[in-house]
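Just below is one structure, and these are the notes that go with it.
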Amino acid sequence: MITAMTFVIALYIFMLAAFTGYEVISRVPSILHTPLMSGSNFVHGIVVVGALGALFNASSVLEQVVGFLGVMLGAGNVVGGYVVTDRMLAMFKPSTKSATPAPTQGAKS
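In my numbering, the protein residues as written are -1 to 107.
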């Protein structure tokens, strides 16, 4: 059973984590946002591990369904995050369209 004091402590920890996260993220330079996004995909992987743990400890059918949905949605989030990160990194690669100069007409060899 949740007491008032337990709720206040949980709320305090949540507010402290939110404030700390905001302060840390706001100080990241723009050029580092792509690696930060890739690192946040690791956090989503931990969510999948937690959902697997909940699924393995499920005792009723409802708990198994919710655990399965958690694993599937978490895995989709991880895959989607890496796809988006890959697309963002592709924007920083130099294009190779004009790697070789076009021959000029009338040039003597």
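Beta carbons are placed, not taken as given, at the ideal position from N, Cα and C, and that holds for glycine.
- Between H31 and G79, the gap from beta carbon to beta carbon reaches 8 angstroms or more.
- Contact between V82 and V46 is ruled out by a C-beta separation of about 17 angstroms, above the 8 angstroms threshold.
- Under the three-state reduction of DSSP output, S57 falls in the coil class, being neither helix nor strand.
- Our two residues, T18 and L50, have alpha carbons roughly 28 angstroms apart in a direct line.
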